[in-house]
Each structure stands twice: as structure tokens, then as C-alpha cells.
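**Q** Protein chains in written order, with our numbering: chain V, 66 to 455; chain W, 2 to 165.
Backbone N, C-alpha and C fix where the C-beta goes; we use that ideal spot for every residue, glycine too.
Once you've had a glance at the structure underneath, I'll fire off some questions.
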């Protein structure tokens, strides 16, 4: 284990502490949020099925926050009701009758299942930001039905089609991919144009970071074989970083909670896992299937080691997801203070804290990209390490 | 719990996008960029090495120059010394030769003088003998006249001759 070198630096130590601190903070917020979101407000609203003016006046923070950190079929710019301005994104559903594509505009921004869209002989309704097969009959005006499960929580009973829609997050992924391509192809062309010369412009901004990834992430963890993994590490680093930063931008094309979405972090962690599994050498596998312990411990250790293969990427997945989601929840909660107190006087305090947390989030955006990359490098390095003894 | 359940659509699109991004960046960005950075680092290293070498070479040349200068100086001193020696030698030789020549000339002069002296003496002797003969003749002539007088005269003449 080569953790020591980045704990020696005081600065990084403090940052790490902050990151850990906010992780915990975050997990708490999340638990509370989820319980409330599913338990009370949202479901109640949907069940009653009528969004009258009285209900709208009561500001529901949980719905607001979870709407913002969740995915959606529209990219909302500003305004509500009549003045709603935004981008309707395409809905793509894989159903038994084939692919069904239509614009999310057809739901008329409805999110309680009361609007039914008929396509290819099937009926769809949208509730809680998800598309379901609409039920035959409406209950309380909604074609999406709910039922209490064993734990007493309301769950939707309707089935869902396989949903390949270009949602807000998918749109942002495409956008960030395009952005990354533009940035790094420009940088690469700079290297071709001014071969062997000092970097210039964008090139000189990004070169230190590329060298940082190479010298501080790849080389110490991967040793002399680092070059093979550089493309993956660099891509992951910049992808996470740019999406973290886009998530902090409160308006289009930012604002989507991409790296705070479990699906995205899962895919990234799975990539790391695949790289580990395909590059692990005989020492790595030997350590798992023939751990250096007394024979009678082996039946215990082998399952533990096999479990260990999956806990590492799992930790990567949860860490990034939790940190970024936490950041978003924190910023939104602070902003919501204004609405909780229903007073403009709170605004300066609220804005001050949001700016403060925003600055920290800017750091966290970098640190989480760094941590994901360095831990990926570390895990890969452990799998490819050449050593006879342990 | 919605937050913790990955959506199949997102997984699908993200996998595709990320693989595409990875492929494109690896091929068109990371490869040339890493190569360029590596090459530049190498070239900088080489340049530094070359500079270091040049510095050493410079130092070597400087010390060599100094050595050369020192040698040249030593040689100059040697030449000067030799020249001085030669000069002194020459002077000495010239002096010696002059001495020898002078001595020889003096010797020659002496010999010449002696010769001349001898010649002069011979001459004087001849003259004296001539005079003597003259005197003798005159004396004889007088003797013939006056015997006493002749004798007196011979006596005086002889006295004079001695003085001479």
C-alpha cells in the first residue's frame, strides 16, 4: 500500500479530511431526504391527484431537492406553469412492440401519471420522473397506481418499459463528451502544431494536470507499466472532473447531477473492475484463490478475498455518488432556507453559505476526480504488482 | 430509494459515451499529447545534459587555454633566458676574442718592435762600424800626422762609443 505519500502533505491531508467530513454529512442528509421524499410529501401529492393552488403554495423542499438531483425528461431553464422554458428531450422506450420514440413534450410536464401518451398501441404515463405503462383505469385521476409494501411504503405497481430516453443526465453526458473532445483535440493539435515548443493557451492550463495525473497518480501506483493505463486514468479523471464542475453550474448546460448519479458511478467503477480483472497477474489471482494463510483459514479467506474484488469498485461507486449528491443537496438545502423561513432577510445568510459551500464543492469536484482516479490506479497497481513474497 | 437504483438507460448511454470518449481521446488526444510531453521532457533533459557538457567542455577549454598560456609564458621566459645567455656568451666570446686578438696584436707589435729594434740596432751598428771606420780612417789620418794626438783622439772616441 502506498497511501503514505499523499497523506504526508498537510494540504492534501486537510482536503482529505474535508472530503471525508462532507461524505458523512451527506449520507445523513441523504437518508433523511429519502425517507421523507418517499414517505410523505411526494406520494401524498400524487395520491390526492390534484395539484390545486393551495398545494402549490406550500413549498415542498424534499420534492424540490430530489427533483433537482434526480434525472428528468426535460431540461428546465427557468419559469413555471405558463412561463416554463426549457428543452424537451426525446423519450426512447424499448417495449415488446419495438422501439417507441416521442418527445417528452407530450406529457405536458405532468409528473403524477394523469396524462397518458398512446404510442404503438401502448399507453404511457409519467410519475415521479419515470415513465410507466399506464393503467387501464385512473385512480384519483392518475393512471399510475400505488400500493403499500410490507414496510408500509408507497410503491408504484405499474410496470416500466426499458427506458433508453435521452434524459437530462444523458444529454449532459453527451455534452461533456463533446466538450472533452473539443478541449483535448484542440490541445492535441497544439502539440502537433508547436512540436517540442513550450505549451500555449489551453495547452498550458491542462498540461500540468495531465502531468499531475501521470506523475502523482499513475507512476507511483502503477510503476513502470503506467503507460498502458494512462488513457483510461486521464479519461476518467477529466470526465469526472468536468461533470462535477458542470453539476455546479446552476443553469443550462450545467446543473445535471451526472457524477452524483449511481448509474454513472457504477459504470465507471465497473470499468475499473474490468481493467483489474483483465490485467491481474498470477500474484493477484494467487492471493485471492490461495491466500497466504494457514490451511484451515483458507475456506474462510477465499470467499473474503473474492468478496474483496467487488468491494473496491463498490467503494469507488458509492464514494463519488455520495460526495457529489451530498454537495448538491447541501447547496440546495441552504438555498431553500429562504423558502423555509419565507423571508428575504435570510437570503444574504443563505447566499453566503451557498457561496462558501460552492467554493468547497469546487475543491471537492477536483478531489473526487482525483480520488476516483488515484484509487483506480492503486487497485490496478495492486493487481499488476510483481512480487513473489507477501 | 430511487437514487440508489441505477437506471438502465443511463447505464447504456453512459457506457457507450464513455467507451467512445475513451477510444477517441486515447487515439487522438492522449497518444499524441503523452508522446509530445515525453519527447519534450526528453529534449529538455538532453538540452540540460548538453548544456552541462558544454559547461564542462568550456571549463576544460579554459583550463587548457590557461595551461597553454602558462606553457607559452614559460617558453617565452626560456627563450629570453637563452637569448640572454647567448648574448652573454657572444659578448664573452667577443671579449675573449678581442683579448686574444689584442694580445696577438700586441705580441705582433712587440715582435715588430723587436725586429725594428734589431734592424735599427743593426743599422746603428753598421753606422757605428761605418763611423768607427771613418773615425779610424780619420784617426789614422791624424795619427799619421801626430802620433800623440792620434792616440788621444782614439781614446776619446772610444769613450764616446761606450757612452753610446
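Measure the C-alpha to C-alpha separation of residue 119 of chain W and residue 129 of chain W and round it to an integer number of angstroms.
**A** 14 Å
**Q** In this structure, what does DSSP give as the bridge partners for residue 155 of chain V?
**A** V/168
**Q** For residue 147 of chain V, which residues of its own chain have a beta-carbon under 6 Å away from its beta-carbon, when the five flanking residues on both sides are left out?
**A** none
**Q** So, do the segment 2 to 16 of chain W and the segment 338 to 347 of chain V have three or more beta carbon pairs nearer to each other than 8 Å?
**A** no
**Q** Between the segment 20 to 31 of chain W and chain V, which residues of the former have CB atoms less than 8 Å from a CB of the latter, in chain order?
**A** 21, 22, 23, 25, 26, 27, 29, 30 and 31
**Q** Let me check one thing: in DSSP terms, what residues is residue 187 of chain V bridge-paired to?
**A** V/184
**Q** Any C-beta of chain V within less than 8 Å: which residues of the segment 40 to 64 of chain W qualify?
**A** 40, 41 and 44
**Q** Tell me, which residues are paired with residue 198 of chain V by DSSP?
**A** Checking the DSSP bridge columns, you'll see residue 198 of chain V partnered with V/189.
**Q** Among V/355, V/145, V/446 and V/138, which one has its Cα closest to the Cα of residue 155 of chain V?
**A** V/138
**Q** Against chain W, which members of the segment 292 to 325 of chain V pass a CB distance test of less than 9 Å?
**A** 292, 295, 296, 297, 299, 300, 301, 303, 304, 323 and 325
**Q** Which word fits residue 302 of chain V, buried or exposed, when buried means at least 16 other C-beta atoms lie within 10 angstroms of its C-beta?
**A** buried
**Q** From what residue to what residue does the alpha helix (DSSP H) around residue 166 of chain W run?
**A** Outside the shown range of chain W, which is 2 to 165, sits residue 166 of chain W, and nothing can be said about it.
**Q** By DSSP, does residue 174 of chain V sit in helix, in strand, or in coil?
**A** coil
**Q** Is DSSP giving residue 435 of chain V helix, strand or coil here?
**A** helix
**Q** Can a CB atom of chain V be found closer than 8 Å to the CB of residue 67 of chain W?
**A** Not closer than 8 Å to any Cβ of chain V, the Cβ of residue 67 of chain W fails to qualify, so no.
**Q** How long is the line joining the alpha carbons of residue 249 of chain V and residue 293 of chain V, rounded to whole angstroms?
**A** 19 Å
**Q** Against chain W, with Cβ distances strictly below 8 Å, would residue 256 of chain V count as a contact?
**A** yes
**Q** In this structure, what does DSSP give as the bridge partners for residue 140 of chain V?
**A** Looking at the DSSP assignment, residue 140 of chain V forms a beta bridge with V/152.
**Q** Report the residues of the segment 220 to 236 of chain V with a CB closer than 9 Å to any CB of chain W, ordered along the chain.
**A** If you check each beta-carbon in the segment 220 to 236 of chain V against every beta-carbon of chain W, the ones closer than 9 Å belong to 227, 228, 229, 230, 231, 232, 234 and 235.
**Q** Based on the DSSP output, what are the partners of residue 160 of chain V in its beta bridges?
**A** V/163
**Q** Does DSSP put residue 450 of chain V in a helix, a strand or coil?
**A** coil
**Q** With DSSP collapsed to three states, give me the class of residue 215 of chain V.
**A** Residue state, collapsed to three classes: coil.
**Q** Would you call the CB atoms of residue 394 of chain V and residue 130 of chain V closer than 8 Å?
**A** yes
**Q** Using only CA atoms, which one of V/311, V/305, V/320 and V/224 lies nearest to residue 329 of chain V?
**A** V/305
**Q** Could you please give the first and the last residue of the uninterrupted alpha helix (DSSP H) stretch that includes residue 222 of chain V?
**A** Counted as a single uninterrupted DSSP element, the stretch harbouring residue 222 of chain V is not any alpha helix (DSSP H), since DSSP gives it neither H nor E.
**Q** Return no unless some Cβ of chain V is closer than 8 Å to the Cβ of residue 78 of chain W.
**A** no
**Q** Check whether the Cβ of residue 252 of chain V lies closer than 8 Å to any Cβ atom in chain W.
**A** yes
**Q** Alpha carbon to alpha carbon, how far is residue 105 of chain V from residue 176 of chain V?
**A** Since pLDDT at residue 105 of chain V reaches only 37, below the 50 mark, its modelled position is unreliable, and the value read off the structure follows with that caveat. The C-alpha of residue 176 of chain V is placed about 16 Å away from the C-alpha of residue 105 of chain V.
**Q** Could you give the distance in angstroms between the alpha-carbon of residue 405 of chain V and the alpha-carbon of residue 371 of chain V?
**A** 48 Å
**Q** Alpha carbon to alpha carbon, how far is residue 211 of chain V from residue 199 of chain V? Give it in angstroms, no decimals.
**A** 12 Å
**Q** Run through chain W and tell me which residues come within less than 8 Å of residue 327 of chain V, C-beta to C-beta.
**A** 4, 5, 6 and 7, listed in chain order.
**Q** Within the chosen definition, does the segment 308 to 322 of chain V reach the segment 233 to 240 of chain V through at least 3 CB pairs nearer than 8 Å?
**A** yes
**Q** For residue 214 of chain V, I'd like the list of residues in its chain whose CB is within less than 8 Å of its CB, leaving aside the five on either flank, ordered along the chain.
**A** Around residue 214 of chain V: 220.
**Q** For residue 81 of chain W, decide whether its Cβ has a neighbour in chain V, counting only Cβ atoms nearer than 8 Å.
**A** no
**Q** For residue 408 of chain V, report the span of its alpha helix (DSSP H) as first-last.
**A** Careful: residue 408 of chain V lies outside any alpha helix (DSSP H) and carries neither H nor E.
**Q** Comparing the C-beta of residue 16 of chain W with each C-beta of chain V, is any distance below 8 Å?
**A** yes
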